[in-house]
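Protein chains in written order, with this note's numbering: chain A, 1 to 216; chain B, 217 to 506.
Here a beta-carbon is modelled for each residue, glycine too, at the ideal position from N, C-alpha and C.
This report concerns only the one structure given below.
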Amino acid sequence: MKNKGLFDVISPIMIGPSSSHTAGAIRLGLMARCIYNNKIDSVEFTLYNSFAQTGKGHGTDKGLLAGIMGYHVDDIRTKNIYSIADVKYKFNFKEDLSRHPNSVDIKINDEMQISGESIGAGEIRITSINGFSVNLAGQYHTILLMYKDKPGMISMASKIIQDNNINIASLHCDRNEKGGTASMYFALDVNPSEEIVEEIKKIDDVYFVTKIRKLD
Amino acid sequence: MNILTFDELVDACKKQEKHIYELIQEIEAADADTSVDVIRENVKLHIETMKTAIVTGMKSSEKAISQWCGDDCIKLQKRYSSNKALLGKLFEKIITYSLATIEENLRMGKIVACPTAGSCGIVPSVIIAVAEEQNIDEDTQINALITAGAIGAIISNKVQLAGAVAGCQAECGVAAAMCAGALTQMLGGDISQILNAVALAMKNLLGLTCDPVCGLVEVPCVKRNPILAIHAVTSSELALAGIESKIPLDEVIDAVRQTGQLMSPMLKESSLAGLATTKTALELKEKILG
């Protein structure tokens, strides 16, 4: 694990009032926006537990929406986000004690469901995408793909990354059933180019590819 | 940062004959593959953001989303417009700036988490008020904030800086400790005085609970900021006189960690006990959260 540095302690520059409930919420929205990587027309948020109970008082709802719209943690427009929102939005509030205290499900355009948690001090993790479990904290540049589960997919995707001389920090895979839909994501030391993403898209039976920038 | 304890920090500073801030800015520059100037420029940006939060916060009486906090800084300034602060202008500025910053936080204004959002008023109020009152230049303020960051980073190697993990001692408590060290640096204290100031501030906040009413960063967080800013100044004044903490700083931090582990989860940001479940708090909760 990385030791803490100066700017882990004196930071972030953020809008208040809470690093977990405000800055964390914005970063969850931003991550979801990066993962979806397409025009967002409508979004439905389901907030759980502490997010649901104290979220309003902390601007968690505004933060999530601001993140979805691409605003960063220090953007003061977040406070008045409802008056400038250019997407349709809906909020649900639920209790589910099997979930982390600060959890949210984000459904974008009725197409993609992304779940995440705010784990303290502004740090977050995305825990699932369309039902596939992931663990994305925004600490690395990441390439994420969904594809048909069959032999050779990992090797084909990783070869493209290797051919571009990019070091892979970690690799995770998951699938719903043998021969069904699978997910894979690479954590990378540098931000990959769009060309790499386009090349991976050309692999047969890859349904979806996106790259997720490291969070600032 | 590869320095994990205060003993290691002292050893490295003595061996290289460097101030804490000199050592740390070089390590940070090396870690980020950049120059010391870039690191200092970034620290300067953080100080400027802190100053803006104070100026903006002092002018506003806008309430928090909950509608029950946000106008205390205005009340304080009103008092000082016709009464002198008992302990003088510097004291007045510290508590005013601290309240201004933490109130700016609760109304969704822009602040610097230092180390957290709920403790953001402590370090900036002291650095900026003392700099103004004693004509201390910007470079010295940057040195002080780097010192504060180094202290927080080393503490966070042993104690996660989150109320949910170790109570408020790990948030406002650590902010006061960082602040005491930063002030001692700014006033020309040596490394031993700096670390004693940190130890004295930290030692006297052991066991501070995190029991916010309705789970919001409002009660008691807001008023805790000015109160602990003054606590930091007291610690620094004692240390600058050569008064030492009998328990060395690394051992104090071990005690913070142990205390945090022994504290009931009900007193660690869950709002299940303490102030959060008093009769009045529960009535407010009913009213605000429904």
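The alpha-carbon separation between A:Asn135 and A:Arg125 amounts to approximately 6 Å. Identification of chain A residues near B:Cys430 by a Cβ-Cβ cut-off of 9 Å yields Gln53, Thr54, Gly57, ordered along the chain. Taking a 10 Å sphere around the C-beta of A:Tyr36, we find 16 or more other C-beta atoms and assign the residue as buried. Here DSSP, grouped into helix, strand and coil, assigns A:Lys39 to coil.
Residues of chain B with a Cβ closer than 9 Å to the Cβ of A:Val9 are, in chain order, Ala329, Cys330, Pro331, Ala364, Gly365, Ala366, Ile367, Gly368, Ala369, Ile371, Ser372, Leu377, Val390, Met394. Nearest Cα to A:Gly16 within the set B:Met394, B:Glu319, B:Val449, B:Lys495: B:Glu319. Under the 8 Å criterion on CB atoms, B:Leu225 is classed as non-interfacial with respect to chain A.
Between A:His21 and A:Gly55, the C-beta gap is smaller than 8 Å, which places the two residues in contact.
Cβ-Cβ distances below 8 Å link A:Val197 to Ile143, Val209, Thr210, Lys211 in the same chain, with the five nearest sequence neighbours on each side left out; the list follows chain order.
Under DSSP, A:Ala182 shares a beta bridge with A:Tyr147, A:Arg175. DSSP places A:Gly122 in the coil class of the three-state scheme, outside both helix and strand. With a cut-off of 8 Å on Cβ pairs, the region 272-290 of chain B is in contact with the region 434-442 of chain B, counting three or more such pairs. Beta-bridge partners of A:Asp105 (DSSP): A:Thr46, A:Ser115.
For the pair A:Leu145 and B:Ile362, the CB atoms are not nearer than the 8 Å cut-off. Within 9 Å of the CB of B:Gly337, no CB atom of chain A is found; the nearest one sits about 11 Å away. Across the set A:Val43, A:His58, A:Gly29, A:Tyr48, the C-alpha of A:His58 shows the shortest separation from the C-alpha of B:Asn321. Secondary structure of A:Ser133 (DSSP, three-state): strand. By alpha-carbon distance to B:Ala248, the top candidate from A:Ile26, A:Lys4, A:Asn49, A:Ile13 is A:Lys4. Taking a contact to require three or more Cβ pairs closer than 8 Å, the region 223-239 of chain B and the region 173-189 of chain A do not qualify as touching. Identification of residues in the region 187-204 of chain A having a C-beta nearer than 9 Å to some C-beta of chain B yields an empty set. Under the Cβ distance rule, A:Lys214 does not count among the residues neighbouring chain B, no pair being separated by less than 8 Å. Closer than 8 Å to the CB of A:Met69 there is not a single CB belonging to chain B. Residues Ser282, Cys430 of the same chain have their beta carbon placed closer than 7 Å to that of B:Ile504, with the five preceding and five following residues left out of the count. The beta carbons of B:Ile338 and B:Val346 sit no closer together than 8 Å. A residue is called buried when at least 16 other Cβ atoms come within 10 angstroms of its Cβ; B:Asp355 does not meet this threshold and is exposed.
Under the 8 Å criterion on CB atoms, A:Ala169 is classed as non-interfacial with respect to chain B. Measuring C-alpha to C-alpha distances from A:Lys62 to each of A:Asn49, A:Arg27, A:Lys94, A:Gly116 identifies A:Arg27 as the nearest. The alpha-carbon separation between B:Thr317 and A:Gln139 amounts to approximately 29 Å.
When the Cα atoms are used, B:Cys289 and B:Leu377 turn out to be separated by approximately 27 Å. Exposure of B:Thr250 is indicated by the presence of fewer than 16 other C-beta atoms within 10 angstroms of its C-beta. By the CB criterion at 8 Å, B:Asn420 and B:Glu460 fall outside the cutoff. A:His141 is bridged by DSSP to A:Leu188.
Distance from the CA of B:Leu306 to the CA of B:Glu349, rounded to the nearest whole angstrom, comes to 6 Å. Residue pairing by DSSP places A:Thr210 opposite A:Leu144 in a beta bridge.
In this structure the region 65-79 of chain A lies against the region 30-46 of chain A, because at least three pairs of beta carbons, one per stretch, are closer than 8 Å. In the displayed model, A:Met14 falls within a strand according to three-state DSSP.
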